[in-house]
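Asks: Numbered by the numbering used here, the letters in the sequence shown go through residues 2 to 471 in order. Backbone N, C-alpha and C fix where the C-beta goes; we use that ideal spot for every residue, glycine too. For clarity, every value in this text was computed on a predicted model and none was experimentally measured. Take this structure first; my questions come after.
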Amino acid sequence: MHQHQHPAWNDLLAWLERHGMDVSSALHVEARSLPFGYGMVALREIGPSAPLFTIPAGALLNAITLAPHYPKAKPKLSSVQVISLHLFLHRPVNGKSSDPLFGPYIAVLPAEFDTHPLTWRRKQRQAVPPPGLWLLDKLPRFVQRDLGRVEKAFQSDWERVQSYLRSKPNVLDSATNSHAQGILDDPTLVEDDFLWAWLNVNTRCIFYRTKDAKSDPDNLTLCPILDFANHSSVVPTMTPQASKQDIWDMALKNKPADFTLLSPSEKSTSVGEELYLQYGFHSNQFLFVEYGFADSISGAAVLSGDQNADIDITPMVEDFVAARGDLGEWMKQRLLEEGYWGEWTLHSSPKPAHPSYRLITALRLYAALPSKVTNLNEIDDLEAQLSSWLEVVGGQRECISEENEVLWRKSLEQICKTVLEAATTHSKSLEVPPTEQSVAGAVSCVKSLWEEERYVAEAVMQSIEANETF
């Protein structure tokens with residue numbers, strides 16, 4: 002046993018072997034303790050695109066493997082709900098899970114999510130608040146808003162699982178988590194257990210075909226060993242081996258496929274080298290609210306366009322529109338009608354750093370109307386201006402006018418300055434309290450969010466100054 006190997010690693014392998022997995026010659030990785038938690042490390046030299054391990058279908062934790070153990074319901078439980086339910090019923094105690102089905106796997110899942118922003122949201126009214134709660138007020142505005150989206154999804158799943166257990170209380174008889182029975186008396190007393198379960202599912206599930214349609218949102222699974230892998234958006238990463246059903250977009254005719262993970266295709270891997278996954282091509286804002294972390298940001302790389310970074314600045318643009326009074330409300334309604342309200346973003350790459358087309362379209366309308374006017378009745382040619390804008394939206398003309406192009410770029414520059422000033426101020430104010438060293442990583446993530454806003458806004462301003470074409 003390697004001195005830094007996960008203490009429950011051998012128990013996990015023994016369980017996987019009982020499910021038919023080759024845990025000797027066909028296993029090329031192990032979970033080891035690293036400076037920032039556990040990670041997946043190579044046991045030997047590995048070539049590009051080589052199989053690292055194969056998990057038998059029966060050892061994957063998903064709606065198919067759980068179906069025989071839970072009575073059907075109408076409406077049916079989603080994959081997220083049924084997997085979360087199972088983890089809730091079998092949450093480990095002192096690092097051990099007594100679940101007869103997946104106990105050794107559940108035992109190696111993260112024991113807590115104290116520094117995930119959803120934990121801060123859900124526990125902020127508790128007598129003993131979680132560490133880092135004060136960071137909620139330090140988040141960028143869009144991140145705060147998007148966290149509300151994640152919380153809404155959690156609340157919906159939590160209510161559905163409560164309803165399911167009230168209608169089928171016998172399911173609780175199989176629970177090995179002694180707290181689970183309390184859900185029928187006072188769900189608030191066991192919400193922490195469900196939050197732990199739900200966050201494990203939300204942060205660790207991967208795409209895996211459990212449904213006939215490839216696009217079905219229930220195509221999810223938890224996968225042993227795989228979830229030890231950390232995220233990277235920079236270094237070469239591992240990839241799942243595509244199944245025949247995925248390659249040919251076929252329906253599931255027989256039993257679900259085993260899961261095989263492949264080494265990075267771009268390079269060989271050395272003994273002891275950490276192997277990474279990429280959790281999709283997402284912004285730091287998304288990574289933080291969904292997974293509880295953010296990639297580090299290099300100002301030089303963002304400004305040069307070598308690091309892909311993008312930010313949603315919808316709240317700031319909404320402020321600019323709202324400041325126009327009745328006219329701003331009129332603009333909002335027109336943008337809603339044409340499908341261009343919200344989701345306004347800035348991007349560092351591909352070069353030049355640029356605003357999204359949605360933002361350009363909104364700013365063209367914003368700049369088409371006199372800047373100091375807030376009353377609709379003060380504009381005589383309102384419909385004419387709207388007609389010109391609609392022609393641009395419909396592709397009938399390239400722009401409203403040369404003057405409008407100059408004006409919307411000036412508005413964009415003003416918005417970028419607002420973003421830059423707020424980001425600089427907040428980034429400088431973030432320090433780790435001496436009594437809360439456990440949240441140093443979370444503070445670093447929040448600082449990265451602000452730095453990303455700062456550098457992306459600065460990069461777009463440079464593009465404007467250079468008169469780049471967007």
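Is the number of C-beta pairs between the segment 29-40 and the segment 184-202 that are closer than 8 angstroms three or more?
Replies: Judged by Cβ distances under 8 angstroms, the segment 29-40 makes no contact with the segment 184-202, as fewer than three pairs qualify.
Asks: Thinking C-beta only, is Ser449 closer than 8 angstroms to Ile298?
Replies: In contact: Ile298 and Ser449 (Cβ atoms closer than 8 angstroms).
Asks: What distance in whole Å lies between the Cβ atoms of Lys139 and Leu431, which are believed to be in contact at a cut-off of 8 angstroms?
Replies: Yes, they are in contact, since the Cβ atoms of Leu431 and Lys139 sit about 6 angstroms apart, within 8 angstroms.
Asks: Tell me the rounded alpha-carbon separation between Ser79 and Leu408.
Replies: Taking the straight line from one Cα to the other gives about 49 angstroms.
Asks: Using the Cα positions of Asn231 and His29, report the straight-line distance between them to the nearest angstrom.
Replies: The alpha-carbon atoms of Asn231 and His29 are separated by roughly 17 angstroms.
Asks: Val461 and Gly417 - do their beta-carbons sit closer together than 8 angstroms?
Replies: Per the sequence shown, residue 417 should be read as Cys rather than Gly. Contact flag set, yes.
Asks: Which value, in whole angstroms, describes the spacing of the CA atoms of Asp24 and Leu53?
Replies: The question names Asp, yet the displayed sequence has Val at residue 24. If I take the Cα positions, the gap works out to 11 angstroms.
Asks: Just the Cα atoms here: how many angstroms apart are Gln6 and Ser271?
Replies: When rounded, the distance between both Cα atoms is 17 angstroms.
Asks: What's the call for Pro141, buried or exposed, on a 16-neighbour Cβ count within 10 Å?
Replies: Answer is buried; the Cβ neighbour count reaches 16.
Asks: Near Pro356, which residues of its chain fall below 7 angstroms by C-beta distance, leaving aside the five closest residues on each side in sequence?
Replies: Result list for Pro356: Leu347, Leu413, Val461 and Phe471, in chain order.
Asks: Which residue from Gly300, Phe208 and Phe287 puts its Cα closest to that of Leu262?
Replies: The shortest Cα separation from Leu262 among Gly300, Phe208 and Phe287 belongs to Phe208.
Asks: Just to confirm, is the Cβ distance from Pro265 to Pro241 under 8 angstroms?
Replies: Cβ distance not < 8 angstroms, so Pro265 and Pro241 don't count as in contact.
Asks: Alpha carbon to alpha carbon, what distance is there between Leu421 and Ser428?
Replies: Taking the straight line joining both Cα atoms gives about 10 angstroms.
Asks: Give the single residue among Ser157, Ser175, Ala112 and Pro132 whose Cα lies nearest to the Cα of Glu437.
Replies: When only C-alpha atoms are compared, the closest one is Pro132.
Asks: One question on the structure: do His91 and Thr177 come within less than 8 angstroms of each other, judged by their Cβ atoms?
Replies: Taking 8 angstroms as the Cβ cut-off, His91 and Thr177 qualify as a contacting pair.
Asks: By how many angstroms is the C-alpha of Ser216 removed from the C-alpha of Ser244?
Replies: For Ser244 and Ser216, the distance between alpha carbons rounds to 15 angstroms.
Asks: Would you call the CB atoms of Ser317 and Thr419 closer than 8 angstroms?
Replies: Residue 317 is actually Met in this sequence, not Ser. Yes, the Cβ-Cβ distance between Met317 and Thr419 is below 8 angstroms.
Asks: Along the chain, where does the beta strand (DSSP E) that runs through Tyr277 open and close?
Replies: Segment Glu275 to Leu278, the beta strand (DSSP E) holding Tyr277.
Asks: Taking just the CA atoms, how far does Leu110 sit from Trp489?
Replies: The structure shown does not extend to residue 489, since the chain spans only 2 to 471, so no value can be given for it.
Asks: Determine the direct distance from the alpha carbon of Leu148 to that of Ala74, and round the result to whole angstroms.
Replies: Near 30 angstroms, if we compare the C-alpha coordinates of Leu148 and Ala74.
Asks: Starting from the N-terminal side, write out each stretch of the alpha helix (DSSP H) that is 4 residues or longer and does not extend beyond the segment 309-369.
Replies: With a minimum length of 4 residues, the continuous alpha helix (DSSP H) runs that stay inside the segment 309-369 are 315-323, 326-339 and 358-368.
Asks: Within its chain, find whatever has a CB closer than 8 angstroms to the CB of Trp342; leave out the 5 residues flanking it on each side and keep chain order.
Replies: If we look at Trp342 and ignore the five residues flanking it on each side, its Cβ neighbours are Lys333, Leu336 and Ala363.
Asks: Is Met462 helix, strand or coil when you go by DSSP?
Replies: Met462: helix per DSSP, three-state reduction.
Asks: Using the C-alpha atoms, what's the distance from Leu196 back to Arg325?
Replies: Answer to the nearest angstrom: the Cα atoms are 42 angstroms apart.
Asks: Taking 8 angstroms as the cut-off, decide whether the C-beta atoms of Val202 and Val290 are in contact.
Replies: In this structure, Val290 does not lie closer than 8 angstroms to Val202 by Cβ.
Asks: Going along the chain, which residues of its own chain have a beta-carbon closer than 6 angstroms to the beta-carbon of Val433, five neighbours each way excluded?
Replies: Result list for Val433: Ala441 and Val444, in chain order.
Asks: Check the DSSP bridge columns for Gly396 and list the partner residues they point to.
Replies: According to DSSP, Gly396 bridges with nothing at all.
Asks: Would you kindly report the start and end of the unbroken alpha helix (DSSP H) that includes Thr116?
Replies: First-last for Thr116: undefined, no H or E at that position.
Asks: Would you call Arg167 buried or exposed, if buried means 16 or more other Cβ atoms sit within 10 Å of its Cβ?
Replies: Result: exposed.
Asks: With DSSP as the reference, identify every bridge partner of Met41, one or two as the case may be.
Replies: In DSSP, Met41 forms a bridge with Ala32 and Leu276.
Asks: For Lys268, which of helix, strand or coil comes out of DSSP?
Replies: Lys268 falls in the coil class under three-state DSSP.
Asks: Helix or strand or just coil, what does DSSP make of Lys496?
Replies: Given a span of 2 to 471 for the chain in the structure shown, any question on residue 496 remains unanswerable.
Asks: I need the straight-line Cα distance from Glu469 to Arg365, nearest angstrom please.
Replies: Taking the straight line joining both Cα atoms gives about 17 angstroms.
Asks: For Asp186 versus Ala64, is the C-beta spacing smaller than 8 angstroms?
Replies: No, Cβ-Cβ distance for Asp186 and Ala64 is not below 8 angstroms.
Asks: List the endpoints of the continuous beta strand (DSSP E) containing Thr177.
Replies: From DSSP, Thr177 is part of no beta strand (DSSP E); its letter is neither H nor E.
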